[in-house]
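S.K.: Protein chains in written order, with the working numbering: chain A, 1 to 267; chain B, 268 to 711. Every residue gets a Cβ at the ideal spot worked out from N, C-alpha and C, and that includes glycine. To start, I am sharing the structure in question, which I have written as structure tokens.
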Amino acid sequence: MSGLVIDDVSMTFELPNGGKVEALKNINLNIKEGELMSVLGPSGCGKSTLLNILAGFLAPTGGKMSLSGEAITSPSPKRGMVFQHGALFEWMNVSKNIGFGPKMKGTPQAEIDNKVAELLEIVGLQDFGEKMIYEMSGGMQQRVALARCLANEPDVILMDEPLGALDALTREKMQSLVLDIWKKTGKTIILITHSVEEALLLGERLLVMAPRPGRIHKEYNLPFAELGVGQDLREVKRHPEFGTRRDEILSMIWDMEEEIMGRTENA
Amino acid sequence: MFEEILSLLSTTFWMILGIAVIAAVYLGISALCSFVNNVITRNRAASKGFGSLKTVTFGDESSVVANRVASVLAVVAIFFLWGVFTGSKLLGPLAFLPGPFVGESSFEYTATNAAGESDTATVYVTVTSFKDKATKKKAIEDGGDGFAKHDSVAIAERRSGILRVQNNDDGGKEEGYGVTAINGQAIARNQIVPFGDGEILMTSKGSLSIRPATGATMEALYLPPPEKVWNTFWQLNRDGYQGVGLWENVFWSLARVVIGFGLGCLFGIPLGFAMGLNNWMRGWFDPIVEFMRPVPPLALIPLIIIWFGIGEQGKISLLFLASLWIMTIAARAGVSGVNISKVHAAYSLGATKRQLLSKVILPNSLPEIFTGARVAMGVCWGTVVAAELVAAEKGVGKMIIAASKFQLTDIVIVGIVIIGVIGFAIEVAMRKAENKLIPWKGRG
Ligand SMILES: Nc1ncnc2c1ncn2[C@@H]1O[C@H](COP(=O)(O)OP(=O)(O)OP(=O)(O)O)[C@@H](O)[C@H]1O
Ligand SMILES: [Mg+2]
């Protein structure tokens with residue numbers, strides 16, 4: 001079976017005080033190769049936990065996952081990750097950061113240089129290869145993180161709120177960049193976000209999760225990602241269906257948040 | 268016990284008073300300089316730059332910049348005070364405190380003999396400076412008229428001399444003979460009477476204790492004037508002390524620090540990494556590190572001397588122990604300071620454990636290690652001097668302690684200044700290296 005298969009995955013955290021948190025309960029998902037999936041949900045519904053399990057940083061307490069038939073048990077360069085705050089290596093310049101993965105594999109330096117140059121172009125940082133990380137703005141750092149992940153040619157790219165810390169304008173540019181990269185490389189991308197608009201724009205498939213226990217609440221198949229490739233994203237947002245979908249999902253999440261608040265108030 | 272505590276309290280009280288007085292004098296000078304500086308610079312344009320546009324400066328720490336004029340004046344003020352209190356020649360007329368009396372003086376004494384008659388005679392006092400090796404009193408050719416005869420005495424600067432003036436007088440040894448006045452002022456036993464250049468105390472046995480004025484400056488034994496220290500420095504630079512060159516002493520102290528600190532890094536950093544990466548190692552070394560950390564290295568000196576004697580091995584072991592725990596803890600803190608997403612990122616990019624260690628954990632903990640190294644170097648430098656004070660054949664500390672035994676205060680001060688300057692130079696060098704090697708520090 002090709003693609004990413006999540007089979008009945010559960011994750012229960014044991015708290016030091018003896019309590020338990022069901023961060024994920026019986027998650028079942030099949031993600032096809034080349035699919036662009038966004039994940040939405042109120043805070044604490046287990047989105048990051050799911051991503052960390054897929055990346056191989058955490059072992060689930062139940063169920064199993066596989067990528068192209070291969071079981072997921074530990075981190076692998078086949079599953080790249082982009083973090084909210086870059087997690088870049090400050091002691092290396094931009095080029096060295098991007099070339100980190102190939103270098104670890106022992107790729108010849110000339111080949112790495114070519115690849116880095118190509119990726120710098122893709123993410124629009126041609127002239128910044130020699131800069132140090134601390135000389136770059138937040139948006140530029142996220143581009144570097146994206147390029148570093150791509151340099152390793154992973155089958156799946158996992159993104160945990162990669163654009164969450166950016167200003168609105170930079171964020172919009174980065175959204176276009178993600179769409180471009182998805183189209184150009186045909187990679188499977190799973191992207192977690194807190195923004196409903198971003199989830200609609202960057203998800204062929206959109207997953208809404210619900211908390212306590214963390215589970216899949218609803219799934220959508222959406223046309224906007226395909227429409228948005230190479231387009232002005234503001235144009236896509238004017239699509240009549242975009243507005244209705246946005247309102248529908250927003251009120252769904254509001255209801256969940258209210259339920260959570262009510263529960264904590266009663267407790 | 269109770270009395271001892273009482274005396275401790277009274278010492279504390281006097282210390283507070285003394286410190287307050289010194290602080291008041293020094294701050295007074297500071298205020299004066301500040302005032303003069305403000306008057307001089309008032310008409311100049313205000314400083315440019317972003318800071319000058321801030322309206323809120325009091326309470327904004329970032330807008331406080333050290334006033335370099337103040338720094339320079341502070342150092343000048345210290346040297347000025349030093350010069351004033353030691354009567355430095357460099358200050359010329361500015362050294363306003365009177366020095367000790369040196370030179371020729373005399374006074375007249377009146378004696379009454381057993382028969383009740385009075386007569387006067389002169390005492391010639393020669394006060395010689397420490398620089399003149401021979402203290403030569405004035406020769407008296409003619410004792411003068413009457414039964415009281417002239418006397419002469421030679422006294423060293425700041426010292427006093429006892430003279431029994433009646434010894435050479437006619438009938439001076441008879442019962443009832445005694446001195447009754449100095450320069451016409453009556454004097455009795457255990458009384459003090461001033462004369463032109465000092466004072467005179469009549470002892471309980473009737474002799475005169477002549478005390479030429481000591482002045483208000485400090486004796487070179489306690490604090491030599493700056494020029495003397497400067498000259499001593501050049502002399503040490505040329506001839507060394509007790510057969511060991513000045514820079515030879517400095518070299519030995521520094522060599523011990525570098526070797527001890529180097530060994531501390533060599534073993535401490537890997538140990539810290541092991542403790543930061545492995546449960547068993549963390550558990551195994553935790554008690555030792557936590558126990559040894561609060562033990563000041565100086566407390567180990569006696570044990571080290573018992574074990575290793577006074578050779579190099581002992582001192583290097585001491586410095587090794589002084590830096591080992593600091594470097595271990597720094598490296599451990601460096602590992603625990605690694606952001607977990609960086610570790611995750613490296614593994615997802617295909618790094619092996621070994622690659623993670625050398626490419627991520629090591630560089631990421633460099634800032635912590637450097638901070639530790641700065642502390643360790645400071646501690647080592649202080650420890651080496653202390654160890655040399657106790658036992659060494661060469662080294663700055665050894666030079667100081669040897670000189671102090673002969674009360675050669677100028678050499679002691681040269682040593683202390685050199686220790687301070689080298690300690691400062693080490694700190695500056697470490698900071699420079701830090702900026703060069705880890706430019707990303709604090710900007711991650
Ligand atoms: N290591 C852990 N130990 C205990 N509980 C944990 C741990 N990690 C996560 N949890 C709990 O699991 C639940 C899901 O956490 P998770 O971080 O996956 O949520 P999230 O959806 O990513 O939230 P956010 O949107 O705020 O990032 C939360 O209730 C959280 O408290
Ligand atoms: Mg999260």
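#1: Rounded to whole angstroms, what is the Cα-Cα separation between Asp155(A) and Tyr614(B)?
#2: Closest to Leu4(A) by C-alpha separation, out of Ala55(A), Met104(A), Ile260(A), Met209(A), would be which residue?
#3: For Lys131(A) and chain B, any beta-carbon pair shorter than 8 Å?
#4: If you run the structure through DSSP and keep just helix, strand and coil, what is Thr377(B)?
#5: Spatial neighbours of Glu118(A) within its chain, please: C-beta separation below 6 Å, excluding the five flanking residues on both sides.
#6: Would you please verify whether the beta carbon of Ala640(B) is less than 8 Å from any beta carbon of chain A?
#7: Which residues share a DSSP beta bridge with Asp7(A)?
#8: Any residues in the stretch 611–626 of chain B with a beta carbon nearer than 8 Å to a beta carbon of chain A? Which ones, in chain order?
#9: What residues are listed by DSSP as bridge partners for Gln175(A)?
#10: Within 8 Å (strictly less), CB to CB, does Lys609(B) reach chain A?
#11: Out of curiosity, what's the CA-to-CA distance linking Gly463(B) and Glu371(B)?
#12: Looking at ligand 1, does it come within less than 7 Å of Thr49(A), judged from the CB to the closest heavy atom?
#13: Nearest by alpha-carbon distance to Val123(A): which of Phe224(A), Gly46(A), Ile98(A) is it?
#14: Mind checking who Pro220(A) pairs with in its DSSP beta bridge?
#15: Output yes if chain B places a C-beta closer than 8 Å to the C-beta of Met1(A); else output no.
#16: Pro630(B) versus chain A: which residues are under 7 Å apart at the beta carbon?
#17: With a 10 Å radius around its C-beta and 16 neighbouring C-beta atoms as the bar for buried, classify Lys218(A) as buried or exposed.
#18: Along chain A, in chain order, which residues have C-beta atoms closer than 8 Å to that of Asn606(B)?
#19: Around the C-beta of Thr322(B), are 16 or more other C-beta atoms found within 10 angstroms, so that it is buried, or is it exposed?
#20: Thinking C-alpha only, which one of Ala600(B), Phe374(B), Thr324(B) is nearest Glu635(B)?
#21: List the whole-angstrom C-beta distance separating Leu565(B) from Val524(B), where the pair is believed to meet the contact cut-off of C-beta under 8 Å.
#22: Give me the Cα-Cα distance between Thr499(B) and Val511(B), rounded to the nearest whole angstrom.
#23: Could you tell me the alpha carbon to alpha carbon distance between Ile260(A) and Leu222(A), rounded to whole angstroms?
#24: Classify Tyr508(B): buried if its beta carbon has 16 or more other beta carbons within 10 angstroms, exposed otherwise.
#25: How would you write the range of the alpha helix (DSSP H) that Arg623(B) sits in, first residue to last?
#26: If distances are taken between C-alpha atoms only, which option among Leu567(B), Ala598(B), Ser476(B), Leu490(B) comes closest to Phe534(B)?
#27: CA-CA distance, Val420(B) and Leu364(B)?
#28: Determine which residues share a DSSP beta bridge with Gly80(A) and list them.
#29: For the stretch 342–370 of chain B, which segments carrying the alpha helix (DSSP H) assignment without a break, of at least 4 residues, lie completely within its bounds, in sequence order?
#30: Is His194(A) near ligand 3, going by C-beta to nearest heavy atom under 7 Å?
#31: For Leu503(B), which of helix, strand or coil comes out of DSSP?
#32: Would you say the beta carbon of Cys45(A) comes nearer than 7 Å to a heavy atom of ligand 1?
#33: Count the other CB atoms within 10 Å of the CB of Asp232(A); is the residue buried (16 or more) or exposed (fewer)?
#34: Residues in its own chain within less than 7 Å of Leu15(A) by CB, not counting five upstream and five downstream?
#35: Look at Ala692(B) and Met104(A) and say whether their C-beta atoms are less than 8 Å apart.
M.R.: In this structure, then:
#1: In the first sequence, residue 155(A) corresponds to position 155, counting from 1. In the second sequence, residue 614(B) corresponds to position 347, counting from 1. So the alpha carbons of these two residues sit roughly 15 Å apart.
#2: As a first step, residue 4(A) is located in the first sequence; it is residue number 4 there, counting from the start. It is Ala55(A).
#3: As a working note, residue 131(A) is residue 131 in the first sequence. With 8 Å as the cut-off, Lys131(A) does not count as an interface residue toward chain B.
#4: Mapped onto the second sequence, residue 377(B) falls at position 110. It is a strand residue.
#5: Translated into the one-based positions of the first sequence, residue 118(A) becomes position 118. Result list for Glu118(A): empty, nothing under 6 Å.
#6: By 1-based counting over the second sequence, the position of residue 640(B) is 373. Not closer than 8 Å to any Cβ of chain A, the Cβ of Ala640(B) fails to qualify, so no.
#7: Reading the first sequence from its first residue, position 7 is the one you call residue 7(A). Lys64(A).
#8: Residues His611, Ala612, Ala613, Tyr614, Ser615, Leu616, Gly617, Ala618, Thr619, Gln622, Lys626.
#9: Sequence index remark: in the first sequence, residue 175(A) carries index 175 (1-based). BP columns for Gln175(A) are empty, so no partner.
#10: Within the second sequence, numbered from 1, the residue matching residue 609(B) stands at position 342. Among the residues facing chain A, Lys609(B) is included, as its CB has a counterpart in that chain under 8 Å away.
#11: Your numbering for residue 463(B) matches position 196 in the second sequence. Your numbering for residue 371(B) matches position 104 in the second sequence. Here the alpha carbon of Gly463(B) sits roughly 11 Å from the alpha carbon of Glu371(B).
#12: Against the first sequence, residue 49(A) aligns to sequence position 49. Yes.
#13: Indexing the first sequence from 1 puts residue 123(A) at position 123. Measuring from the Cα of Val123(A), the nearest candidate turns out to be Ile98(A).
#14: For the purposes of this step, residue 220(A) is taken as residue 220 along the first sequence, with counting starting at 1. Note that residue 220(A) corresponds to Tyr in the displayed sequence, not to Pro. Looking at the DSSP assignment, Tyr220(A) forms a beta bridge with Leu206(A).
#15: Counted from its first residue, the first sequence places residue 1(A) at position 1. With a pLDDT of 49 at Met1(A), under the threshold of 50, the predicted position of this residue should be treated as unreliable, and no value is reported.
#16: Taking the first residue of the second sequence as 1, we reach residue 630(B) at position 363. Residues of chain A passing the Cβ test: Trp91.
#17: Reading the first sequence from its first residue, position 218 is the one you call residue 218(A). Lys218(A) comes out exposed.
#18: Looking up residue 606(B) in the second sequence gives position 339. In chain order: Ala87.
#19: Here the question's residue 322(B) lines up with position 55 in the second sequence. It is exposed - the Cβ of Thr322(B) has fewer than 16 other Cβ atoms within 10 Å.
#20: Taking the second sequence and counting its residues from 1, one reaches residue 635(B) at position 368. Nearest option by C-alpha distance: Ala600(B).
#21: Locating residue 565(B) in the second sequence gives position 298, counting from the first residue. Locating residue 524(B) in the second sequence gives position 257, counting from the first residue. With 8 Å as the limit, Leu565(B) and Val524(B) do not qualify as a contact, their Cβ atoms being about 15 Å apart.
#22: If you number the second sequence from 1, residue 499(B) lands on position 232. If you number the second sequence from 1, residue 511(B) lands on position 244. Distance between the alpha carbons of Thr499(B) and Val511(B) is about 15 Å.
#23: Within the first sequence, numbered from 1, the residue matching residue 260(A) stands at position 260. Within the first sequence, numbered from 1, the residue matching residue 222(A) stands at position 222. Straight through space, the alpha carbons of Leu222(A) and Ile260(A) are spaced by roughly 28 Å.
#24: Position 241 of the second sequence holds residue 508(B). Classification for Tyr508(B): buried.
#25: Translated into positions along the second sequence, residue 623(B) becomes position 356. Residue identity check: residue 623(B) is Leu in the sequence provided, not Arg. Looking at the DSSP string, the run of the alpha helix (DSSP H) that includes Leu623(B) is 620–623.
#26: Within the second sequence, the letter at position 267 stands for residue 534(B). Of the candidates Leu567(B), Ala598(B), Ser476(B), Leu490(B), the one whose C-alpha sits nearest the C-alpha of Phe534(B) is Ala598(B).
#27: Taking the second sequence and counting its residues from 1, the one referred to as residue 420(B) is at position 153. Taking the second sequence and counting its residues from 1, the one referred to as residue 364(B) is at position 97. CA-to-CA, the gap between Val420(B) and Leu364(B) works out to about 27 Å.
#28: Numbered from its first residue, the first sequence carries residue 80(A) at position 80. Paired residues: Ile157(A).
#29: Scanning the stretch 342–370 of chain B from its first residue to its last, no whole alpha helix (DSSP H) run of 4-plus residues comes out.
#30: Among the ligands in the structure shown, ligand 3 does not appear; only ligand 1 and ligand 2 can be found there.
#31: The count along the second sequence starts at 1 and reaches residue 503(B) at position 236. Helix.
#32: For the purposes of this step, residue 45(A) is taken as residue 45 along the first sequence, with counting starting at 1. With a threshold of 7 Å, the Cβ atom of Cys45(A) counts as near ligand 1, since some heavy atom of the ligand is closer than that.
#33: Here the question's residue 232(A) lines up with position 232 in the first sequence. When all chains shown are included, Asp232(A) counts as exposed.
#34: Counting from 1 along the first sequence, the entry for residue 15(A) is found at position 15. Here the set comprises Val21.
#35: The residue labelled residue 692(B) in the question sits at position 425 within the second sequence. The residue labelled residue 104(A) in the question sits at position 104 within the first sequence. Not in contact: Ala692(B) and Met104(A) (Cβ atoms no closer than 8 Å).
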